[in-house]
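These notes are about the structure you will find just below.
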Amino acid sequence: MRSEKGVVRACMTTKEKIFPKCRKDPESYRTVVPAGKTVTIRFKDVKPGDYAIALLHDENDNGKADRALGMMPKEGYGFSRDAPVRMAPPKFKDAVFELGSEPKQLTIKMRYFL
């Protein structure tokens, strides 16, 4: 995390068509935690399945991903499996991981474009 300002918004979904904007998925798992040098996020009561996670470091806590020139992210982002971001957000298949009945721990690196 480049700063301790704002919050980290986390969203985990099984739905390929809406990833990474899974806040539109009523069945997704979402949480918001205060930003810090490192952040631990826990999703509770998650059913086994294939999931992808998207994180947003919402530094001004306005509930959206701010952009410069309408396209370049001004705030940090991260995805499960360190899915690559090229000219667009990553595809679900690049971020997907399998979750069984046992708890799973992932490390997600935050990236900042500006």
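Just remember that this note's numbering sits 7 ahead of the position in the sequence shown, which is counted from 1. Beta carbons: idealized from backbone N, C-alpha and C, even for Gly.
Residue j beta carbon less than 7 Å from that of residue i
i	j	result
aspartate 122	glycine 13	Residue coverage of the chain in this structure runs from 8 to 121, which leaves residue 122 outside it and unanswerable.
alanine 75	leucine 63	no
methionine 59	valine 15	Looking at the sequence provided, one finds alanine at residue 59 rather than methionine. Result no, Cβ atoms of alanine 59 and valine 15 do not sit closer than 7 Å.
glutamate 105	aspartate 57	yes
proline 41	glycine 107	no
arginine 37	cysteine 18	yes
Extent of the continuous beta strand (DSSP E) run through residue i
i	result
threonine 38	36-41
Paired residues, beta bridge with residue i - DSSP
i	result
threonine 20	Ala59
valine 53	In the DSSP output, where bridge partners are listed per residue, valine 53 has none listed.
CB contact below 7 Å: residue i versus chain D
i	result
methionine 117	Reference to chain D is not applicable here, since this structure consists of a single protein chain.
Touch check for the segment 21-33 and the segment 89-107: three-plus C-beta pairs under 8 Å? Verdict: yes, contact present.
Going along the chain, which unbroken runs of the beta strand (DSSP E) with 3 or more residues stay wholly within the segment 79-118? Counting only runs of 3 or more, we get 83-86 and 104-106.
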